[in-house]
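Chemist:
Residue numbers (our numbering): 19 to 149.
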């Protein structure tokens, strides 16, 4: 079935169905970047030669009917997979710590430094991290 965007809108609007994404103007128009919050340890080189060598993280805000939901994900750049995640209604430092403590099912935590790093910060590994 082929249908135009306008026809879909006409059918969905009376049912109160619409997309939550909105096209906005140019991103960052007129804004100047501020100073870096932290040092750039990766030096803009987002590649890795082996697993568990370079991880990146991002916290995303998702609007919900009740309030906002924040999702923190940790990604291994070698395998291009999410290795840890956490969700909360508040964006705090604890959200990132929870993402480290809660690995994605089947995520690899076998690097020699992982046990040292987690012991230094008193992290307890989940069941999927011990396998």
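Even for Gly, the Cβ is constructed at its ideal location relative to N, Cα and C.
Give the DSSP bridge partners of residue 60, in chain order.
Modeler: By DSSP's assignment, residue 60 forms no beta bridge with any residue.
Chemist: How long is the line joining the alpha carbons of residue 89 and residue 96, rounded to whole angstroms?
Modeler: Rounded to the nearest angstrom, the two C-alpha atoms are 22 Å apart.
Chemist: Could you check the C-alpha separation between residue 99 and residue 74 for me, to the nearest Å?
Modeler: 11 Å
Chemist: Between which two residues does the beta strand (DSSP E) carrying residue 101 extend?
Modeler: 99-106
Chemist: When the Cα of residue 117 is compared with those of 65, 77 and 83, which residue comes out closest?
Modeler: 77
Chemist: Would a C-beta distance cut-off of 7 Å place residue 103 and residue 111 closer than the cut-off?
Modeler: no
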